[in-house]
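Structure, as structure tokens:
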Amino acid sequence: MINLLFFGRLGDFAKDVPATIQASTPAEIRQRLSADYPALVKELSQPQVLISVNQLIVGWDQPLADGSDVAFLPPVTGG
Amino acid sequence: MNSIRIQPDDFDLTHEYQQLRELSSTVGAVVTFVGLVRDFEADSTIDSLSLQHYPGMTETLLQEIVDQANKRWNLIGSSVVHRVGELLPTDQIVFVGVASQHRADAFEAAQFIMDYLKTRATFWKRVSQDGKQSWVESKDSDAHATARWDSNND
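Chains as they are written, first to last, in the working numbering: chain R, 24 to 102; chain X, 46 to 199.
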């Protein structure tokens, strides 16, 4: 299973999303969520959203190992 | 010393400065920056601000930024403190301090670290205005400030 994390404004769209999912790439995660969470998937598809796997920035086609943490990161606003 | 701390607690500017000042007798310049919580966002006053981050990844990204600064400038030490959790207008939110032999290194490195922190480090601000909460949008001006360093490569 893959652990899902949604930060910033993405978290507001992901309140009811399960904490884990079965998927082989981030793109597959997005595809699996599209039926039940269309508003979230629309937000995830914004070009500014970054994906990290185990805290490293990756692309949508990154192969996922079982137990990976996949996080979706909107543009940062610290400082 | 390159210290990176993410904490809910406030920090003491004098203490942070002393830590950098006392690193070595070769320290000839210390530049410090403190960011505060403004009482307005998008032309409207705010009641409070909440800061979220991605534990672990934030520290790693900040370390990478500090490592880059150390490659570009001749630094003796640096310190970054960023607060998370609930903050109020006028609260201190971020500290960046840099110690070097000569002032130009410390001035430029402090600005570089802040510019990259604003656009790379995984923090997200949410403001409360009139009882409503909203996430702060990223600013183009911050991206431009960071891009400036890319075109300025040594």
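Backbone N, C-alpha and C fix where the C-beta goes; we use that ideal spot for every residue, glycine too.
Quick caveat: nothing in here was measured; it's all calculated off a predicted structure.
query: For R:Thr43: DSSP bridge partner residues; result: R:Asn26
query: CB contact flag (X:Val141, X:Ala155, <8 Å); result: yes
query: CB of X:Ile158 within 8 Å of CB of X:Ile110, strictly; result: yes
query: Coil, strand or helix - X:Trp180 by DSSP; result: strand
query: Backbone secondary structure at X:Asp112 - three-state DSSP; result: helix
query: Residues of its chain near X:Asp199, where Cβ-Cβ distance is below 8 Å and the 5 sequence neighbours each way are ignored; result: In this predicted model, X:Asp199 has a pLDDT of only 49, less than 50, meaning its place in the structure is not dependable; the value taken from the coordinates is given anyway. The residues are Arg117.
query: Candidates X:Leu120, X:Asn47, X:Trp169, X:Ser123, of which the one nearest X:Val129 by Cα; result: X:Trp169
query: Interface positions of the stretch 85-97 of chain R facing chain X (Cβ-Cβ less than 8 Å), listed along the chain; result: Ala94, Leu96, Pro97
query: Exposed unless 16 or more other CB atoms sit within 10 angstroms - verdict on R:Ala94; result: buried
query: Whole alpha helix (DSSP H) elements within the stretch 80-129 of chain X, 4-residue minimum; result: 102-117
query: Exposure of X:Ala166, with buried meaning 16 or more beta-carbon neighbours within 10 Å; result: buried
query: X:Phe140 in three-state terms, based on DSSP; result: strand
query: Nearest-angstrom Cβ-Cβ length linking X:Leu107 and X:Val125, presumed shorter than 8 Å; result: 6 Å
query: Closer than 8 Å to chain R by CB, X:Leu133; result: no
query: Contact with chain R by X:Val181, beta-carbon distance below 8 Å; result: yes
query: Three-state secondary structure assigned by DSSP to R:Leu56; result: helix
query: X:Asp199, DSSP secondary structure in three states; result: Caution is warranted here: a pLDDT of 49 is assigned to X:Asp199, below 50, making its placement in the model unreliable, and the coordinate value is therefore given only provisionally. It is coil, neither helix nor strand.
query: Residue-level contact to chain R via CB, X:Phe168, 8 Å cutoff; result: yes
query: Chain R within 8 Å of X:Leu94, Cβ atoms only; result: no
query: Outcome for R:Arg32 when other beta-carbon atoms lying within 10 angstroms are tallied against a minimum of 16; result: buried
query: Opening and closing residue of the beta strand (DSSP E) in which X:Lys170 lies; result: 168-174
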